[in-house]
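So for the sequence shown, the numbering used here puts the first residue at 1071; every next one is plus one. Notes to accompany the following structure.
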Amino acid sequence: MTHLATATHPARVHQVLCLAGSLRRDSWNRHLLHAAAALAPATLQLHVYENLSDVPLFDEDLEQREAAGPAGVQALRAAVAAADGVIIATPEYNHAMPGVLKNALDWLSRERPAGEVLQEKPLGILGASAGSWGTRLAQASLRQVLHTCGTLVMPAPSVFVANAAARFDADGRLTDAATAQSLQRFVLAFGQWIERLAPTAGALDQAMAQ
Ligand SMILES: Cc1cc2nc3c(=O)[nH]c(=O)nc-3n(C[C@H](O)[C@H](O)[C@H](O)COP(=O)(O)O)c2cc1C
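Encoded structure:
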């Protein structure tokens, strides 16, 4: 009998789209995603999305007028749809995720024009904030919204980067060793989360051929 688990195959490289819920030029959350990209294993390629500011405010009238969606939304939807997984790094504004991130998720949650791209998408959540709770409440609000979207959010490990100003240098490089360690643990776990939810087609093809 064919044994799937023992089939040998080259590890597939998973493409991960990374969204920072901040438009700020020197956003700690974007810096955190770049740090995660540098720490990711060779089987995970992280791409930080830089065009969230092109997503207009959600408006059902606008949605009705433009069947294919505004260009900024089309680009974001396509990037999410093409990714094997998504990582979101959220700031915390008034104990919740910022409006810019919620707005993008509202667009992505819509079925038109090409299906709900967040549904069944493996997703990991991070966050960095000025405060001492490190975005705990923002991450909770994000999980609640993603639950509605049917997104497969990794339950653990968590990364709550508190007092962010003390953890990055003036050029936005992560300088805190403990944060780097937990970030590395997070990206390793996220690679396993994607694998668990979407085992490689290559492994199955090879097993079936035996
Ligand atoms: C409107 C507003 C509300 C904020 N509320 C919180 C908060 O509830 N908790 C917190 O830790 N930081 C709060 N902050 C500070 C943010 O953590 C800080 O601005 C952080 O730099 C935002 O993330 P970014 O660097 O990725 O842009 C708030 C900032 C703004 C502008």
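From the three backbone atoms N, C-alpha and C, an ideal C-beta is built for every residue, glycine too.
Would you mind stating whether residue i and residue j have Cβ atoms separated by less than 9 Å?
{"i": "Q1209", "j": "G1197", "result": "yes"}
{"i": "G1204", "j": "G1155", "result": "no"}
{"i": "S1211", "j": "H1165", "result": "yes"}
{"i": "A1153", "j": "V1223", "result": "no"}
{"i": "L1122", "j": "A1174", "result": "yes"}
{"i": "V1083", "j": "A1112", "result": "yes"}
{"i": "P1032", "j": "R1255", "result": "In the structure displayed, the chain extends from 1071 to 1280; residue 1032 sits before or after that span and is not available."}
For residue i, count the other beta carbons within 10 Å of its own beta carbon; 16 or more makes it buried, fewer makes it exposed. Which is it?
{"i": "V1143", "result": "buried"}
{"i": "T1076", "result": "Annotation note: pLDDT 42 at T1076 (below 50); position unreliable, coordinate value reported separately. So T1076 ends up on the exposed side."}
{"i": "L1114", "result": "buried"}
{"i": "R1237", "result": "buried"}
{"i": "A1234", "result": "buried"}
{"i": "G1139", "result": "buried"}
Excluding the five sequence neighbours on either side, which residues of its own chain have a C-beta within less than 6 Å of the C-beta of residue i, listed in chain order?
{"i": "N1099", "result": "A1090, S1092, A1159, P1161, A1198"}
{"i": "C1219", "result": "S1179, L1188"}
{"i": "W1263", "result": "P1192, M1224"}
{"i": "D1176", "result": "F1128"}
Give every residue of the same chain whose Cβ lies closer than 8 Å to the Cβ of residue i, excluding the five residues on either side of it in the sequence, and list them in chain order.
{"i": "F1230", "result": "G1197, W1203, G1204, T1205, R1206, Q1209"}
{"i": "L1253", "result": "L1102, A1105, A1106, L1109, L1196, V1229, L1244"}
{"i": "D1239", "result": "T1245"}
I think residue i touches residue j, with their Cβ atoms under 8 Å apart; what is that distance to the nearest whole Å?
{"i": "L1216", "j": "L1188", "result": "7 Å"}
{"i": "P1183", "j": "A1148", "result": "That belief does not hold up - the Cβ atoms of P1183 and A1148 are roughly 11 Å apart, past 8 Å."}
So, at 7 Å on beta carbons, what are the nonlocal neighbours of residue i in its own chain, with the 5 sequence-adjacent residues on each side left out?
{"i": "R1261", "result": "Reading off the sequence shown, one finds Gly at residue 1261, where the question assumed Arg. These residues qualify, in order along the chain: H1084, P1111, T1113, L1114."}
{"i": "T1249", "result": "V1231, R1237"}
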